[in-house]
Amino acid sequence: MDKISDIFGSMVFNDAVMRERLPKETYRQVQATMEKGKRLDDDAARIVANAMKDWAIEKGATHFTHWFQPMTGITAEKHDSFISPCGGGQVIMEFSGKELVRGEPDASSFPSGGLRATFEARGYTAWDPTSYAFIKDNVLCIPTAFCSYGGEALDKKTPLLRSAEALNRQALRVIHLFGNADVTAVRTTVGPEQEYFLVDKDVYNRRKDLIYTGRTLFGAKPPKGQELDDHYFGSIKPRVAAFMKDLDEELWKLGVYAKTEHNEVAPAQHELAPVFTTGNIAADQNQLTMEIMQKVASRHGMVCLLHEKPFAGVNGSGKHNNWSLTTNTGMNLLEPGETPAENAQFLLFLCAVIQAVDDYQDMLRISVASAANDHRLGANEAPPAIVSMYVGDEIEEILNAIVDETAYCGKERQLMKIGVHALPRFPKDTTDRNRTSPFAFTGNKFEFRMPGSSASISGINVVLNTAVAESLEQFADALEGSKDFEADLQALIRSVLIKHKRILFKGNGYDEAWIAEAERRGLLNLRTTPEALPYYLADKNVALFTKHHVYTRTEMEARYEIHLENYSKILNIEALTMLEMARRDIMPAVSSYLRELSETAAAIHAASVTADCSYEESIIPEMSALLGDAYRKVRSLDEALMGAKTVEGSQALANYYRDKVFSAMAELRITIDQLETMTPSDKWPVPSYGDLLFSVR
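In my numbering, each residue's number is its place in the sequence shown (first place is 1) plus 521.
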């Protein structure tokens, strides 16, 4: 491997490249665009485009694309070559400022939630100069926003950029109240931890359910799962280590700060965590990370599974969204400092987050809602569907003292005593961690643990940014022009904590008692996606996003429809896959085995009337009964799918799939999994859980 410092960012048209290749005035204009949101004029765009084209060609690029994030949750791209005819059968390599700034893809086949009719195909991609262009597979990729002919956002990036602007506006108002006149910008910093599974490609290719749906729809529990906790942080297997090394290099070339990698809890499960970066860039880079993971895995004879719950009975995969606020001067606004009780600025921003999470707990739950994530939430280290916050013992004691108007006696940091004299002693953190908390304060940031592994982090951060912007706007309105700032600040913090302390919880989120306690507190328990989605169009939520110009009502209605349609379509595909596997693969295989078993029993009897055939005589009727039961459940699932065709309305259809189709799927799985445990492995038509989870060595 080349030196990391030589390859890092080598495929990115980053600040260093622009400083080297652009005229000083153009470079200054680009910087003003990136840092202050100023519009880049046409002449500057032309100069940037030409420099970008020359750099890309030197790196081996032959094409360019506007790389965007439609509401499919993945990225999209249409490649155009740099060639332009110049007469005499010759070509020159060109790339204009117009081509850089605007593209025109066909918008008709992307999810639009009714924003676009099929015959209205025009859509536009617009260059996002706040996220660096990069080269992938010899194509210059230009991060862009995606909108319809009428200007409605058809992507995940545009609302994210709008929410970042809203948060910046309100955060600046508050930060200036504390005398920080040198601060001119407040940005979110985000570090999404990415969990994933690796399975052998040959084994994967024999599982239709993994191919079509990304998860196993059938599968009996293997003798060994994650009970021994021996995979977590364990020695990394050679094939996986080679994959991780290759992955790091590919990501580093693209400027992704891939930092931490390790085995996760479940067999075959792993995690990659990057260093924090600006929220918009973090969202782009996480999409890249997922794509590159799958490409690199294929090169190593493996498949990377990003589904939230590819295997029943073991941990699912999440994407922990670590979120904080920083100023352009380098100040972390969620850093408590040595004496957080005396840090009024920190406490006010902390209160802004507490209020935001409480007021918009429904939207945070919706931001992680999907058919896939419904399988994961509530067990195996995934947080429950009830949104709550964990701030740690010290911070909670400070907040309680403010509410109770009592003095807080600060704790001195204790040294951790390990009990071995040769080992060094080190300062003990002031609080433990809570792995069941959906939204936990972890020192100088919040870790939102509910998002699923396949999700785009854009939607998550749109909600978080906008909700916190609303809190900060209310705080700024209350404090600007105050005659006694300190007294009014103290009263504001106390009133916010009194009103919103119900969202704070430090106990076990898996405890049944918490469900009753959360209900008593008035917290929502939105267990499934169809149950959560109606809150999307609640008056207070529409008012929030329209007020801060993040979404229009029309854009919200479209996204509500897209979420519902996606849920129903996913369950429909899963149900059809189950039916195909059961009818064409599993039931015929079991029937064939029963015939062989019957023939074997008859042959044994013919050879010796006194022979013991108790195994055959007991298992044949038992398996035959299960096979008949499976057939009846296949019929029931088929009938449930037929019934879906008569349901009108997106919400009603999603409810139907949850209540009727999904329950029929669960019933069929129980019987098929029982049959698997009784069928010889060489007769079972698909690889087992053991084959899948332990195939990579």
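A virtual CB, placed ideally from N, CA and C, is assigned to each residue, including glycine.
Given the structure is predicted, the values throughout are model-derived calculations rather than measurements.
- Unbroken beta strand (DSSP E) runs of no fewer than 3 residues, entirely contained in the region 758-791, are found at 779-784, following chain order.
- The beta carbon of N535 is closer than 8 Å to those of Y653, G776 in its chain, skipping five residues each way along the sequence.
- Per the coordinates, the alpha-carbon of Y1056 lies some 43 Å from the alpha-carbon of E770.
- With contacts defined by Cβ atoms closer than 9 Å, N842 and P972 form a contacting pair.
- For R690, the three-state secondary structure derived from DSSP is helix.
- Around E1137, the same chain offers L1118, S1119, T1121, A1122, I1125 as residues with beta carbons nearer than 8 Å, after the five sequence neighbours per side are excluded.
- By a beta-carbon distance limit of 8 Å, T1050 contacts A890. Their separation comes to about 4 Å.
- The residues L1174, A1175, Y1178, in chain order, have a CB closer than 7 Å to that of S1089 in the same chain once the five nearest residues on each side in sequence are set aside.
- Here S909 is not near L985, since their CB atoms are 9 Å or more apart.
- Three or more Cβ pairs closer than 8 Å define a contact, and the region 810-829 falls short of that threshold against the region 851-858.
- Between R728 and P1208, the beta carbon gap of about 6 Å places them in contact (Cβ cut-off 8 Å).
- Restricted to the region 1010-1054, the alpha helix (DSSP H) segments that are unbroken, complete and at least 4 residues in length are 1033-1042, 1050-1053, listed in chain order.
- Straight-line measurement puts the Cα of N701 at about 32 Å from the Cα of R1023.
- The continuous alpha helix (DSSP H) containing S1145 extends over residues 1135-1165.
- I907 carries a coil assignment under DSSP once its states are collapsed to helix, strand and coil.
- In its chain, beyond the 5 residues on either side, R567, A570 have a beta carbon closer than 8 Å to the beta carbon of S617.
- Taken through DSSP and simplified to helix, strand or coil, Y1056 comes out as helix.
- Measuring C-alpha to C-alpha distances from L719 to each of P759, A666, A789 identifies A789 as the nearest.
- Nearest Cα to M555 within the set T1073, A706, R886: A706.
- For D676, the secondary structure class from DSSP, reduced to helix, strand or coil, is strand.
- Secondary structure of E1101 (DSSP, three-state): helix.
- Using a Cβ-Cβ distance cut-off of 8 Å, the region 910-930 and the region 956-967 are in contact, since at least three pairs of beta carbons, one from each stretch, lie closer than that value.
- Excluding five sequence positions before and after L1162, the CB atoms of its chain that fall closer than 6 Å to its own CB belong to A1096, given in chain order.
- Bounds of the beta strand (DSSP E) holding K840 are 840-848.
- A1053 and L1085 have their C-alpha atoms some 10 Å from each other.
- Across the structure, F1066 and L693 are spaced so that their CA atoms are roughly 19 Å apart.
- For D721, the pairing in a beta bridge is given by DSSP as M823.
- Per DSSP, S602 is one residue of the beta strand (DSSP E) stretching across 600-602.
- Ranked by Cα distance from N784, the options Y548, E1038, V924, S838 are led by S838.
- Per DSSP, the beta-bridge partners of H587 are I663.
- Under a 10 Å Cβ-count criterion, A877 is classified as buried, with 16 or more other Cβ atoms of the shown protein chains found around its own Cβ.
- Taking 9 Å as the cut-off, the Cβ atoms of F996 and L793 do not count as close.
- Following the DSSP letters along the chain, one finds Y645 inside the beta strand (DSSP E) bounded by residues 644-648.
- E856 is bridged by DSSP to nothing; it lacks a bridge partner.
- Of the candidates A647, A685, F529, S977, the residue whose Cα lies closest to the Cα of A779 is F529.
- The C-alpha of D658 is placed about 15 Å away from the C-alpha of K574.
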